[in-house]
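Q: Can you read through this structure? Questions will come right after.
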Amino acid sequence: MAAAARAGFAARGLIYVLVAVIAVQIAFGGDGGGHQADRGGALGELAGRPFGSVMLWAVGIGLAGMALWRLSEAVFGGPGTDGSKLSRRVADLFRFVFYCFVSYSVLAYAAGDRGSGSGSSDRHTDDVTARVLEWPGGQWILGIAGAGVVIAGLWIAVRAVQRKFRKHLRIHEMSARTRRVVEAVGVTGGSARGVVFAAAGVFAVVAAVKHQPGKARGMDDTLRGFQELPAGPWLLALVALGLAAFGVFSWCNARWRKV
């Protein structure tokens, strides 16, 4: 389980770093190399690199390891005094389901199904939003879900600023300099990730209020939305660097996470 968890963190970190690279290219007038700034774009970027096919398989297997580790924590509990709390086990169960889906999509993409894992997050978000709005009370459901994503994003950012991640790391094994670097990328990366989540939630709420599925945005359009604000390109570049920091922080978890 330790090896599975560390492989999963390494794979997650690579995806976030690739998304950040694409977002920086977009920020300064590029088209992101023809890729979108989301998981599908990251897979496309990876596939075009030397040994890309091998890397895709490695990422998919790593994410499967992450799913397996999350399942073990849901069933047997995790390390620490709160590792066996019901709330944490339920959260790990949801993470297990999420990483199962992500791992399957990456492995299917690696196996040659280019329609799997590489699909536009924006198009997928539009499709899901449109279906929800067709349901009875769909506007309320979408609005509440969007508000929940906003709250989750703010919660992620606040916990990052408070350095709550320290309790999950083997801090005592780090030198003073390494500890400062890990905390810096943890705070920066977690805050940026939380901001992106919250922004996506805001767009979902707007889509619900206006009853327009196109107002909801996936990760790519959410990131591009930062360009619409004052100092947009620089703001997007800043958020992208934050996502890159989260990728590096994931690699730090692969080394020092308590599992």
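Just so you know, we're using my numbering here: the sequence shown kicks off at -14 and counts up by one. Glycine included, every Cβ here is placed at the ideal spot set by N, Cα and C. Here the structure is a predicted model, which is why all the values come from computation and not from measurement.
#1: Quick check on L48: does DSSP put it in helix, strand or coil?
#2: Going by the DSSP bridge assignment, what does L53 pair with across the sheet?
#3: Among the residues of its own chain, which have a CB less than 6 angstroms from the CB of A(-4), if the five just before and after it don't count?
#4: Take R(-9) and list the residues in its own chain whose beta-carbon comes closer than 6 angstroms to its own, dropping the five residues that flank it on each side.
#5: Do A184 and A230 come within 8 angstroms of each other at the CB atom, strictly closer than that value?
#6: By DSSP's criteria, L154 is part of a beta bridge. Which residues make up the other side?
#7: Can you give the beta carbon distance from V191 to F211, rounded, assuming they're within the 8 angstroms contact cut?
#8: Figure out for me which residue from Q124, A8, G179 and S235 has the closest Cα to the Cα of L154.
#9: Quick check on P198: buried or exposed, where buried means 16 or more other Cβ atoms within 10 Å of its Cβ?
#10: By how many angstroms is the C-alpha of S88 removed from the C-alpha of G62?
#11: By the DSSP assignment, the alpha helix (DSSP H) with R80 in it spans what residues?
#12: Since Y84 contacts R55 with CB under 8 angstroms, what's their CB separation in whole angstroms?
#13: Return the CA-CA distance between A59 and V82, expressed in angstroms with no decimal places.
#14: For A(-13), which residues in the same chain have their Cβ closer than 6 angstroms to its Cβ, ignoring the five residues on either side in sequence?
#15: From the DSSP output, in three-state form, read off S176 for me.
#16: For the segment 0 to 10 against the segment 25 to 39, are there 3 or more C-beta pairs whose distance is under 8 angstroms?
#17: DSSP state of W120, grouped into three classes?
#18: Please classify I136 as buried or exposed, where buried requires at least 16 other C-beta atoms within 10 Å of its C-beta.
#19: Contact defined as beta carbons within less than 8 angstroms: I believe R73 pairs with D67. What is the distance between those atoms, to the nearest angstrom?
#20: For the alpha helix (DSSP H) containing T207, name the first residue and the last one.
#21: Select from R151, V146, F182 and A222 the residue whose C-alpha is nearest the C-alpha of M204.
#22: Under the assumption that G174 contacts V233 (Cβ atoms under 8 angstroms), give the Cβ distance between them as a whole number of angstroms.
A: Quick look at the numbers:
#1: helix
#2: Answer is none; L53 lacks a bridge partner.
#3: V44, G47 and L48
#4: A239
#5: no
#6: R242
#7: Between F211 and V191 the Cβ distance is about 16 angstroms, and since that is not below 8 angstroms, they are no contact.
#8: S235
#9: buried
#10: 22 angstroms
#11: L71 to A95
#12: 6 angstroms
#13: 11 angstroms
#14: V244
#15: helix
#16: yes
#17: coil
#18: exposed
#19: 6 angstroms
#20: M204 to G210
#21: F182
#22: 7 angstroms
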